[in-house]
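Going from the sequence shown to my numbering is simple: count from 1 and add 602. Glycine is no exception: its CB is placed at the ideal position from the N, C-alpha and C atoms. Reading through the structure tokens given below for one structure.
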Amino acid sequence: MGRELPRWALPVTLTLVILLGIPVLAYGMGWWRPGRPGPEEPGPPGAAGLWEPLQEARFYEKLPGGAVQCGICFRACVIPAGGRGFCRTRVNVDGRLFTLVYGRPSALHIDPVEKEPLHHFLPGSAMLCVGTAGCNFRCAFCHNWPLSQRPPEEMARVYNLPPEAVVAFAREHGLPSISFTYNEPTVAFEYLYDVAALARQHGIRVVFHSNGGMKPEPLRALLRHVDGVVIDLKAFTEEFYREVSQASLDPVLETLKIISEAGVWLEIVNLVVPTLNDCPDAIRAMSEWILANLGPDVPLHFSRFFPNYRLTALPPTPVETLEMAHSIAREAGLRFVSIGNVPGHPNNSTFCPDCGEKVIHRIHFEVVDNRLQDGACPDCGSRLPGIWN
Numbered sequence: 603m604g605r606e607l608p609r610w611a612l613p614v615t616l617t618l619v620i621l622l623g624i625p626v627l628a629y630g631m632g633w634w635r636p637g638r639p640g641p642e643e644p645g646p647p648g649a650a651g652l653w654e655p656l657q658e659a660r661f662y663e664k665l666p667g668g669a670v671q672c673g674i675c676f677r678a679c680v681i682p683a684g685g686r687g688f689c690r691t692r693v694n695v696d697g698r699l700f701t702l703v704y705g706r707p708s709a710l711h712i713d714p715v716e717k718e719p720l721h722h723f724l725p726g727s728a729m730l731c732v733g734t735a736g737c738n739f740r741c742a743f744c745h746n747w748p749l750s751q752r753p754p755e756e757m758a759r760v761y762n763l764p765p766e767a768v769v770a771f772a773r774e775h776g777l778p779s780i781s782f783t784y785n786e787p788t789v790a791f792e793y794l795y796d797v798a799a800l801a802r803q804h805g806i807r808v809v810f811h812s813n814g815g816m817k818p819e820p821l822r823a824l825l826r827h828v829d830g831v832v833i834d835l836k837a838f839t840e841e842f843y844r845e846v847s848q849a850s851l852d853p854v855l856e857t858l859k860i861i862s863e864a865g866v867w868l869e870i871v872n873l874v875v876p877t878l879n880d881c882p883d884a885i886r887a888m889s890e891w892i893l894a895n896l897g898p899d900v901p902l903h904f905s906r907f908f909p910n911y912r913l914t915a916l917p918p919t920p921v922e923t924l925e926m927a928h929s930i931a932r933e934a935g936l937r938f939v940s941i942g943n944v945p946g947h948p949n950n951s952t953f954c955p956d957c958g959e960k961v962i963h964r965i966h967f968e969v970v971d972n973r974l975q976d977g978a979c980p981d982c983g984s985r986l987p988g989i990w991n
């Protein structure tokens, strides 16, 4: 017979498990990271919802009567004195446009580059990921809506982190790249631009993950300082963009062409949402457009949808639907097509398009084995496009 445990043993053990388990879970889910840069702002902003000092925006025009017109994104918001743009982060103060998120991120994490997702960009490395409040889309399925669909003054935390501090943090932690992600980087254009320009001086690469709604002039200016871009091509119908994202498809297609023409590394993500953008004909049309306008070597990620934000009534994307989309894109001639958000799926890995051998083995966001030799297949010697070192 074993010795009977005292009555207090079980509740004490459960308490210890809970107390120790919460930090571990929070770390694993990315809710908390030790050593985050700071400090946080000492308190909420003033009654006007503004932090001082403010950074003046770029690419805007002053209009009669104290109004201004923002020139950063396709919306070209005309903002009266005291008003804000659609993104909630750009404010007209006495006839001048200011950004509320310069140097004030609300999300800072060290993540694997594969989470971006980037499959042909420093695979297996970690990157400093930066996010602020605000977005110029209103996607009903947004999984980062606590950041993107709220104004800066409603953030749970705001860090005082100028560009110099972002770059210094990346250097101190040996991180080869910085990504502006989580929310839409377009609304933090000035912050992203200055971080990118400074990071390049220190040999740190910069990427951003965008919905593709930036106007051509600021986009071209920014592309001179960044190394890679991930664009969410949310669908291939104007109807989806209008009704699900309150946006427009044409500016995104123009953005993709500009990035390609600039020679900046580009990868595309298509979140496949059941009943809304999973039509085989639309997926085929999208794949053929990518081939014709961007070429066969742009990686295309089909990502699995999970219910979130305002689209909680829909089910997760069936894996069979993702596999159908993968087959269509490959048949259209795209050479690097992957399936994401399905941990363990074989098509999350990278295969040599010439000999078919697996060259990068991934399980979800982890690189298990990278067999590339200076960007070339070890079996047939074919070079794969990307940024490998």
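Looking at the DSSP output, R985 sits in a beta bridge with A978. Contact between the stretch 744-755 and the stretch 792-809 is absent, with fewer than three C-beta pairs closer than 8 Å. Runs of the beta strand (DSSP E) lying entirely within the stretch 783-838 and spanning at least 3 residues, in chain order: 807-812, 830-834. With fewer than 16 other beta carbons inside 10 angstroms of its own, Q975 counts as exposed. DSSP, read as helix, strand or coil, puts I892 in helix. Listed in chain order, the non-local C-beta contacts of C741 below 6 Å within the same chain comprise S847, local neighbours out to five positions each way being set aside. DSSP places W990 outside any alpha helix (DSSP H), giving it a letter other than H or E. In this structure T839 is not in contact with G815, their Cβ atoms being roughly 16 Å apart against a cut-off of 8 Å.
Within the stretch 908-984, the runs of beta strand (DSSP E) that reach at least 3 residues and sit entirely inside it are, in chain order, 939-942, 960-965, 968-972. Contact check for V875 against F907 passes: the beta carbons are separated by less than 9 Å. G736 is a Cβ neighbour of T691, given a cutoff of 9 Å. DSSP lists no bridge partner for G705.
The beta carbon of H947 lies closer than 6 Å to those of I941 in the same chain, with the five residues before and after it left out.
Taking the CA atoms as reference points, P725 sits about 11 Å from G977. Here C731 has H711, D713, S781, T783 as same chain residues with Cβ atoms under 6 Å from its own Cβ, once five neighbours each way along the sequence are excluded.
Under the three-state reduction of DSSP output, A728 falls in the strand class. Pairwise C-beta distances place the stretch 942-961 in contact with the stretch 980-987, as three or more of them are shorter than 8 Å. Here T857 is buried, its C-beta having at least 16 other C-beta atoms within 10 Å. Rounded to the nearest whole angstrom, the C-alpha separation of L824 and V900 is 20 Å.
Secondary structure note for I870: its beta strand (DSSP E) is the uninterrupted segment 867-874. Burial check for Q803: the Cβ neighbour count within 10 Å stays below 16, so the residue is exposed. V900 carries a coil assignment under DSSP once its states are collapsed to helix, strand and coil. In this structure, N785 lies away from T701, with their beta-carbon atoms at least 9 Å apart.
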